[in-house]
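A.B. asks: A single structure is presented below for examination.
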Amino acid sequence: MSEENMKAAAPITKGIEDKFHFAISDACIRCGACAKVCPVHAISMGASHYEIDASKCIDCGTCSHVCPVGAAASPRERRDSLKVADLDPAKCYFNPGCALRLYKPELPPLMLEVLEQHMGPIHEHDICCRHDPHLPEGSVIISNCAGCDRRFRSLYKGIETISYWEVVDSFQDVQWPDYHGIRMSVHDSCGYRHKPQVHAAIRSLLKKMNIEVVEAEHHGTTSECCGDNFYGYVPNEVVEKRIKTRADEFPCQDVVVYCIGCERAMIDGGKTPRYLPDLLFGRESRTTADTLDEYHTALNAFIARH
Ligand code: SF4
Ligand code: SF4
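Residue numbers (my numbering): -8 to 297.
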């Protein structure tokens, strides 16, 4: 980000984010199972059934998996993103997100190159989603990060979004690497839980790379948090326990991830993360990770500078 933009960028106002959360419907039979498992104690008995305090919910999905009647669920997304067919390249900006830029700064230029080969010149955009993007109304941000997608779309007037995965999956003639039928599971990020079109695009890309997907019980729209969302809300030991529990759910040792927080979590959980941009460009993902505190401290410092 330029010096000028750094000065202009204002931090977001807390509380206005189009935050995802779960909710409990009238189908609740008041068994209390969900309240017992919620890591942040967001669930309590209301006037006629159990209720979720949306301001406390961290969108982890645990309650929905213990509810015997399907009453705890994620409400429909409030604002949807664009479809590939509606994209105007002249209005598109590619923003890879802070976590990826911090992880491997050499990947975003490769990702942009694929876009430009098929769409012509695409603007680069490197302002963090937690700061005013300083873009004209009608701009479209193409991002690989679920959190960036959500924040850009919900926090800033007139900004549209679409996932990088849907866009590149629509290109017919890309020669992606061939992984010769290797079996991998996929961990779907919480921020994209509401977007089956993203899950489909990612599996399509994996198929094009000759990767056989072996799904975990909870995947796609029923995916569970890897544990990273818990950071800062519960003691680190609880976060680490959650990470291990989630990692153990995957049938394969190799787990495809598309969020750096999830990538770090899979290493902690004893799995071999296969970060999707690494797979697309034939790179190895790392096998050792920073501690929870180191990762979040470094990321927050990077975000503050961008
Ligand atoms: S989604 Fe997670 S944090 Fe939210 S209410 Fe359910 S269990 Fe609690
Ligand atoms: S688990 Fe389901 S039925 Fe039981 S209290 Fe929670 S929402 Fe109600």
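Note that beta-carbon positions come from the ideal geometry of N, C-alpha and C, so glycine has one too.
Who pairs with N86 in a beta bridge, going by DSSP?
C.D. replies: Taking the sequence shown and counting its residues from 1, one reaches residue 86 at position 95. For N86, which the question treats as bridged, DSSP gives the partners S134.
A.B. asks: Taking the alpha-carbon positions, what's the E203 to C54 distance?
C.D. replies: The count along the sequence shown starts at 1 and reaches residue 203 at position 212. The count along the sequence shown starts at 1 and reaches residue 54 at position 63. Approximately 30 Å between the Cα atoms of the pair.
A.B. asks: Classify E(-5): buried if its beta carbon has 16 or more other beta carbons within 10 angstroms, exposed otherwise.
C.D. replies: Numbered from 1 along the sequence shown, position 4 holds the residue referred to as residue -5. With a pLDDT of 39 at E(-5), under the threshold of 50, the modelled position of this residue cannot be trusted; read the value that follows with caution. Classification for E(-5): exposed.
A.B. asks: Taking the straight line between their C-alpha atoms, what separation do you get for I3 and D123?
C.D. replies: Numbered from its first residue, the sequence shown carries residue 3 at position 12. Numbered from its first residue, the sequence shown carries residue 123 at position 132. No answer about I3 holds up, because its pLDDT of 38 lies below 50 and its placement is not dependable.
A.B. asks: Taking 7 Å as the threshold (C-beta atoms), are V75 and E300 in contact?
C.D. replies: The requested residue 300 does not occur in the structure, where the chain is confined to residues -8 to 297.
A.B. asks: Taking C-alpha atoms, which residue in G23, K47, H190 lies nearest to H40?
C.D. replies: Working through the sequence shown from its first residue, we reach residue 40 at position 49. Among G23, K47, H190, the Cα nearest to that of H40 is on G23.
A.B. asks: Looking only at its own chain, which residues have a Cβ that is under 8 Å from the Cβ of S72, when we skip the five neighbours before and after it?
C.D. replies: For the purposes of this step, residue 72 is identified with residue 81 of the sequence shown, where counting begins at 1. Correct list, in chain order: D140, R144, E151, T152, I153, S154, K186.
A.B. asks: Starting from D269 and walking both ways along the alpha helix (DSSP H), at which residues does that stretch end?
C.D. replies: Translated into positions along the sequence shown, residue 269 becomes position 278. From DSSP, the alpha helix (DSSP H) with D269 extends over 267 to 271.
A.B. asks: Would you identify the three-state DSSP class for T213, choosing helix, strand or coil?
C.D. replies: As a working note, residue 213 is residue 222 in the sequence shown. It is helical.
A.B. asks: Could you spell out where the alpha helix (DSSP H) holding E107 opens and where it closes?
C.D. replies: In the sequence shown, counting from the first residue as 1, residue 107 sits at position 116. From DSSP, the alpha helix (DSSP H) with E107 extends over 98 to 110.
A.B. asks: Hey, H171 and D179: beta-carbon distance below 7 Å or not?
C.D. replies: Stepping through the sequence shown from its first residue, residue 171 is reached at position 180. Stepping through the sequence shown from its first residue, residue 179 is reached at position 188. Cβ distance not < 7 Å, so H171 and D179 don't count as in contact.
A.B. asks: So, for R194: in the same chain, excluding its five sequence neighbours on each side, which residues have a beta-carbon less than 8 Å away from its beta-carbon?
C.D. replies: For the purposes of this step, residue 194 is taken as the residue at position 203 of the sequence shown. Contacts found: V177, V204.
A.B. asks: Short of 6 Å in beta carbon distance, which residues of its chain neighbour I113, apart from the five on each side in sequence? Order them along the chain.
C.D. replies: For the purposes of this step, residue 113 is identified with residue 122 of the sequence shown, where counting begins at 1. So the list reads C83, F85, L106, E107, once near-sequence residues are dropped.
A.B. asks: Give me the residue from A256, M200, A18, I49 with the minimum Cα distance to L270.
C.D. replies: Taking the first residue of the sequence shown as position 1, residue 270 is located at position 279. It is M200.
A.B. asks: Assign K148 to buried or exposed, taking buried as 16 or more other Cβ atoms, counted over all protein chains shown, within 10 Å of its Cβ.
C.D. replies: Along the sequence shown, read from residue 1 onward, the residue named residue 148 stands at position 157. Exposed, by the Cβ-count rule.
A.B. asks: Which residue or residues does DSSP assign as beta-bridge partners of A256?
C.D. replies: For the purposes of this step, residue 256 is identified with residue 265 of the sequence shown, where counting begins at 1. The partner list for A256 (beta bridge, DSSP) is empty, contrary to what the question assumes.
A.B. asks: For ligand 1, is there a heavy atom less than 6 Å away from the beta-carbon of C29?
C.D. replies: Position 38 of the sequence shown holds residue 29. The answer is yes for C29.
A.B. asks: Could you tell me if A289 is buried or exposed, where buried requires 16 or more neighbouring beta carbons within 10 angstroms of its beta carbon?
C.D. replies: By one-based count along the sequence shown, residue 289 stands at place 298. Label assigned to A289: exposed.
A.B. asks: Could you check whether the Cβ of G23 sits closer than 6 Å to any heavy atom belonging to ligand 1?
C.D. replies: Within the sequence shown, numbered from 1, the residue matching residue 23 stands at position 32. No, the Cβ of G23 stays beyond 6 Å of every heavy atom of ligand 1.
A.B. asks: Please confirm whether K47 has its beta-carbon closer than 7 Å to some beta-carbon of chain D.
C.D. replies: In the structure shown, chain D cannot be found, because there is only a single protein chain.
A.B. asks: Any heavy atom of ligand 1 within a distance shorter than 6 Å of the CB on F221?
C.D. replies: Within the sequence shown, numbered from 1, the residue matching residue 221 stands at position 230. No.
A.B. asks: Could you compute how far the alpha carbon of C25 sits from the alpha carbon of E228?
C.D. replies: Here residue 25 is taken as the residue at index 34 of the sequence shown, counted from 1. Here residue 228 is taken as the residue at index 237 of the sequence shown, counted from 1. Approximately 21 Å between the Cα atoms of the pair.
A.B. asks: Ligand 2 and C58: does any heavy atom of the ligand fall closer than 6 Å to the residue's C-beta?
C.D. replies: In the sequence shown, residue 58 corresponds to position 67, counting from 1. True, at least one ligand heavy atom lies under 6 Å from that Cβ.
A.B. asks: Cβ atoms of A62 and A18: under 7 Å apart, would you say?
C.D. replies: Walking along the sequence shown from the start, residue 18 turns up at place 27. Walking along the sequence shown from the start, residue 62 turns up at place 71. In contact: A18 and A62 (Cβ atoms closer than 7 Å).
A.B. asks: Helix, strand or coil, according to DSSP, for G37 in the structure here?
C.D. replies: Here residue 37 refers to the residue found at position 46 of the sequence shown. Coil.
A.B. asks: Report the rounded CA-to-CA distance for G211 versus R121, giving the unit in angstroms.
C.D. replies: Within the sequence shown, numbered from 1, the residue matching residue 211 stands at position 220. Within the sequence shown, numbered from 1, the residue matching residue 121 stands at position 130. Straight-line Cα distance between these residues: approximately 26 Å.
A.B. asks: Pick from A280, T263, T236: whose alpha carbon is nearest that of R174?
C.D. replies: Numbered from its first residue, the sequence shown carries residue 174 at position 183. The residue with the shortest Cα to Cα distance from R174 is T263.
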